[in-house]
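Engineer: I have a structure here, written as structure tokens, and I will follow up with some questions on it.
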Amino acid sequence: MALLLASAAVLAAIIATRASFLANEAAGHWQQAVRSEIKRAAATVEDVRYVYTSEAPLAYRIAEAQVREQAFREAAEGATGEIQAALLHEADVQKALADALIPASEIAADARYALPEGGFDLSTRLADNRALNPELLAVDPDAEMDVGDRVSAKAVMLVAAGLPVGLTLLLGALATAIARYRRVLLAAGVVAMGSAVTAALAIELLA
Amino acid sequence: MTRLDLDLEVVEETAKGTPFHRWTAALIGAIAVLASILALLQVNASQEDQRASLMATRLSTAISERVEASSLLFTFSGSTARDALALAIEATSRTLTTLQSGDPTGVEEARAQPDATAAERLQEIAVVMGALPVAGGPVDPHTAEVLRADIPDLEQMVLQQNQQVDMAESWATRSSRAVLGLTLLALAGVLSGLAASFGAGRAGRAALTAAAAATLVAALAGVAALLP
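Protein chains in written order, with this note's numbering: chain A, 33 to 239; chain B, 5 to 232.
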């Protein structure tokens with residue numbers, strides 16, 4: 033009887049300790065998911081900011097100069113004399129402007145980003161910028177959250193496995209006080225204890 | 005996390021077999037069972053509380069990310085559209101001014117037309133350059149999703165975030181109720197030990213009655229921990 037009660041107390045302590053570790057581990061994964069979310073958000077916003085506020089305005093300015101140059105040259109083809117000269121002059125001005133700006137723009141300097149209808153492919157540029165830091169692209173808070181969920185479920189299940197331990201203690205306590213049913217109560221206590229051990233082991237190994 | 009301890013000496017004290025000792029033993033056993041149930045409720049509620057609280061934080065971050073990133077794209081898109089429109093207005097203004105003040109050489113009027121043409125093309129280019137990334141395009145899915153977030157998406161996320169905050173508060177309350185129950189059970193355990201030590205006299209009965217009352221209130225706290 034004393035052995036049963038002592039075993040139940042020890043098992044309860046083991047289950048409580050293990051469940052506590054698992055609960056802390058789950059919380060750790062969830063907190064890591066928050067940190068990952070912040071990290072991913074910061075990286076995304078920074079890449080978007082760099083492309084659309086640092087690079088894109090200059091690229092658009094170059095596209096504007098190129099489009100205006102083309103428009104002036106097209107207009108000059110149908111003109112003559114002083115007007116044609118003025119239009120070609122303006123086209124040259126726009127070309128010089130574009131030529132001066134292109135070396136400063138990684139987007140405009142790379143033919144891969146040029147669009148056939150004019151302008152530049154900023155989506156591809158953004159994708160290329162993001163690909164420079166593959167470790168940041170690989171950040172996945174949802175995966176961390178899922179791990180935390182699994183560990184948390186295991187912790188809760190393990191505590192649930194402690195329910196038969198409580199029952200064992202009840203039966204053991206009653207066995208000490210009710211001599212008439214002592215054997216039956218003890219046997220039931222042993223069964224409850226066995227089920228608790230089996231459940232705890234199964235959860236620990238399989239969950 | 006609450007550890008369940010059983011004082012074996014107290015159990016041994018109840019072994020005399022009188023009704024008082026049987027009640028004491030039964031109460032100690034009931035405390036053990038109730039403690040295991042309340043521990044389960046408390047651990048579950050505590051885990052749900054932490055999860056919901058951290059999910060709310062995650063969603064806040066995700067909402068900020070979408071607001072900030074999409075506003076950068078929209079700002080660029082709006083700025084380029086404005087620039088293209090300004091060029092068109094400049095071309096029109098040049099034509100109007102020429103008509104009002106005269107243009108002997110025709111150069112000014114000739115310059116207006118290419119700018120008007122360029123402005124039309126630039127408006128199309130501004131739309132293309134400021135376009136949202138398409139699904140399955142070169143941009144990674146997360147960034148594309150962030151940039152495509154619109155007001156209904158954000159409203160939905162805010163709703164989810166608020167729900168998580170409410171859930172966290174609810175689970176925290178339930179966890180506190182379970183902790184209250186466990187605290188009362190600890191008190192009941194001490195009182196049961198005292199009852200066993202005092203024996204079947206007035207003091208022992210008083211301690212046992214108080215222990216039973218504490219256990220009953222702990223059980224009610226456990227029921228309350230089940231309610232949202």
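C-beta: ideal position from N, C-alpha, C; glycine also. These numbers come from a predicted model, not from an experiment.
Quick one: what's got a C-beta closer than 7 Å to residue 241(A)'s C-beta in the same chain, skipping five residues either side?
Structural biologist: No statement about residue 241(A) is possible, as the shown extent of chain A runs from 33 to 239 and does not include it.
Engineer: Which parts of the segment 99-148 of chain A are runs of the alpha helix (DSSP H), unbroken and 4 residues or longer, counting only runs that do not cross its ends?
Structural biologist: You should have 113-133.
Engineer: Could you work out which residues of chain A lie near residue 84(B), taking near to mean beta carbons separated by less than 7 Å?
Structural biologist: Per Cβ cutoff of 7 Å: 92.
Engineer: Buried or exposed: which applies to residue 230(A), given that a residue is buried once 16 or more other Cβ atoms fall within 10 Å of its Cβ?
Structural biologist: With fewer than 16 other Cβ atoms within 10 Å, it is exposed.
Engineer: What residues from chain A crowd round residue 219(B), counting only those whose CB sits closer than 9 Å?
Structural biologist: The contacting residues do not exist; residue 219(B) stays about 12 Å from chain A at best.
Engineer: Could you name the residues of chain B that residue 70(A) contacts, counting a contact when the two beta carbons are closer than 8 Å?
Structural biologist: Near residue 70(A) (Cβ distances below 8 Å), the residues of chain B are 65.
Engineer: Please report whether the beta-carbon of residue 115(A) lies at a distance below 8 Å from any beta-carbon of chain B.
Structural biologist: Cβ-Cβ to chain B under 8 Å: yes for residue 115(A).
Engineer: Short of 7 Å in beta carbon distance, which residues of its chain neighbour residue 190(B), apart from the five on each side in sequence? Order them along the chain.
Structural biologist: Answer for residue 190(B): no residue qualifies.
Engineer: For residue 152(A), list the residues DSSP reports as bridge partners.
Structural biologist: Per DSSP, 146(A).
Engineer: Tell me the DSSP secondary structure of residue 108(B) in three-state form.
Structural biologist: Residue state, collapsed to three classes: coil.
Engineer: Rounded to whole angstroms, what is the Cα-Cα separation between residue 6(B) and residue 164(A)?
Structural biologist: Residue placement at residue 6(B) is poorly supported in this model, since its pLDDT is 47, which falls under 50; the coordinates still yield a value, given next. Rounded to whole angstroms, residue 6(B) to residue 164(A) spans 49 Å at the Cα level.
Engineer: Of the residues that make up the segment 129-156 of chain A, which ones have a beta carbon closer than 9 Å to any beta carbon in chain B?
Structural biologist: Going along the segment 129-156 of chain A in chain order, one finds 147, 149, 150, 151, 152, 153, 154, 155 and 156 with a Cβ nearer than 9 Å to chain B.
Engineer: Give the straight-line distance between the Cα atoms of residue 224(A) and residue 69(B), rounded to the nearest whole angstrom.
Structural biologist: Looking at the two C-alpha atoms, the distance is approximately 52 Å.
Engineer: Give me the Cα-Cα distance between residue 97(A) and residue 129(A), rounded to the nearest whole angstrom.
Structural biologist: Their backbone Cα atoms lie some 7 Å apart in a straight line.
Engineer: Which chain A residues sit within Cβ distance under 9 Å of residue 129(B)?
Structural biologist: What residue 129(B) touches in chain A: 92, 95, 96, 99, 147, 149, 150, 151 and 152.
Engineer: Let's see if you can read the secondary structure: which residues bound the alpha helix (DSSP H) around residue 184(B)?
Structural biologist: Looking at the DSSP string, the run of the alpha helix (DSSP H) that includes residue 184(B) is 155-202.
Engineer: Since residue 123(A) contacts residue 101(A) with CB under 8 Å, what's their CB separation in whole angstroms?
Structural biologist: With 8 Å as the limit, residue 123(A) and residue 101(A) qualify as a contact, their Cβ atoms being about 5 Å apart.
Engineer: Do residue 173(A) and residue 256(B) have their beta-carbon atoms positioned less than 8 Å apart in this structure?
Structural biologist: The displayed coordinates of chain B run from 5 to 232. Any statement about residue 256(B) would go beyond what the structure contains.
Engineer: Consider the Cβ of residue 144(B): report whether some Cβ of chain A lies at a distance smaller than 8 Å.
Structural biologist: Yes, residue 144(B) lies at the interface with chain A (some Cβ there is under 8 Å from its Cβ).
Engineer: Does the beta-carbon distance from residue 183(B) to residue 55(A) come in below 8 Å?
Structural biologist: Taking 8 Å as the Cβ cut-off, residue 183(B) and residue 55(A) do not qualify as a contacting pair.
Engineer: Report the residues of the segment 38-60 of chain A with a CB closer than 8 Å to any CB of chain B, ordered along the chain.
Structural biologist: The residues in question are 38, 40, 41, 44, 45, 48, 49, 51, 52, 55, 58 and 59.
Engineer: Report yes or no: is there a C-beta of chain B within less than 8 Å of the C-beta of residue 179(A)?
Structural biologist: For residue 179(A), the answer is no, since every Cβ of chain B falls outside 8 Å of its Cβ.
Engineer: When we look at the beta-carbon of residue 108(B) and count the other beta-carbons within 10 Å, is it buried (16 or more) or exposed?
Structural biologist: Looking at its Cβ environment, which holds fewer than 16 other Cβ atoms inside 10 Å, residue 108(B) is exposed.
Engineer: Taking residue 43(A) as the reference, give the member of 226(A), 238(A) and 75(A) with the closest Cα.
Structural biologist: Of 226(A), 238(A) and 75(A), the residue nearest in Cα terms is 226(A).
Engineer: Drop a sphere of 10 angstroms on the beta-carbon of residue 117(A), count the other beta-carbons inside from all chains shown, and report buried for 16 or more, exposed for fewer.
Structural biologist: Answer is exposed; the Cβ neighbour count stays below 16.
Engineer: Give me the Cβ distance between residue 228(B) and residue 152(B), rounded to the nearest whole Å; I'm assuming they're in contact under 8 Å.
Structural biologist: Residue 228(B) to residue 152(B), Cβ: 45 Å. No contact.
Engineer: By the DSSP assignment, the alpha helix (DSSP H) with residue 206(A) in it spans what residues?
Structural biologist: It spans 195-209 - the alpha helix (DSSP H) in which residue 206(A) sits, taken as one unbroken run.
Engineer: In or out: residue 40(B) buried (at least 16 other Cβ within 10 Å) or exposed?
Structural biologist: Counting Cβ neighbours within 10 Å, residue 40(B) comes out buried, since at least 16 surround it.
Engineer: If I follow the unbroken alpha helix (DSSP H) through residue 225(A), where does it start and stop?
Structural biologist: Segment 214-238, the alpha helix (DSSP H) holding residue 225(A).
Engineer: Report the rounded CA-to-CA distance for residue 238(A) versus residue 197(A), giving the unit in angstroms.
Structural biologist: The alpha-carbon atoms of residue 238(A) and residue 197(A) are separated by roughly 20 Å.
Engineer: Report all residues from its chain with a CB closer than 6 Å to the CB of residue 234(A); omit the five preceding and five following residues, and keep chain order.
Structural biologist: If we look at residue 234(A) and ignore the five residues flanking it on each side, it has no Cβ neighbours.
Engineer: Do the segment 148-164 of chain A and the segment 129-140 of chain B make contact, defined as three or more Cβ pairs closer than 8 Å?
Structural biologist: The answer is yes - the segment 129-140 of chain B touches the segment 148-164 of chain A, with three or more Cβ pairs under 8 Å.
Engineer: Report all residues from its chain with a CB closer than 7 Å to the CB of residue 204(B); omit the five preceding and five following residues, and keep chain order.
Structural biologist: Closer than 7 Å at Cβ, skipping near neighbours: 22 and 24.
Engineer: Compile a chain-ordered list of the residues in the segment 69-80 of chain B whose CB is closer than 8 Å to at least one CB of chain A.
Structural biologist: If the cut-off is 8 Å between Cβ atoms, the segment 69-80 of chain B has 69, 72, 73, 76, 77, 79 and 80 near chain A.
Engineer: Which one of 209(B), 187(B) and 198(B) has the shortest CA to CA distance from residue 225(B)?
Structural biologist: That would be 187(B), whose Cα lies nearest to the Cα of residue 225(B).
Engineer: Please classify residue 35(A): is it buried, with 16 or more other beta-carbons within 10 angstroms of its beta-carbon, or exposed?
Structural biologist: Exposed, because fewer than 16 other Cβ atoms sit within 10 Å of the Cβ of residue 35(A).
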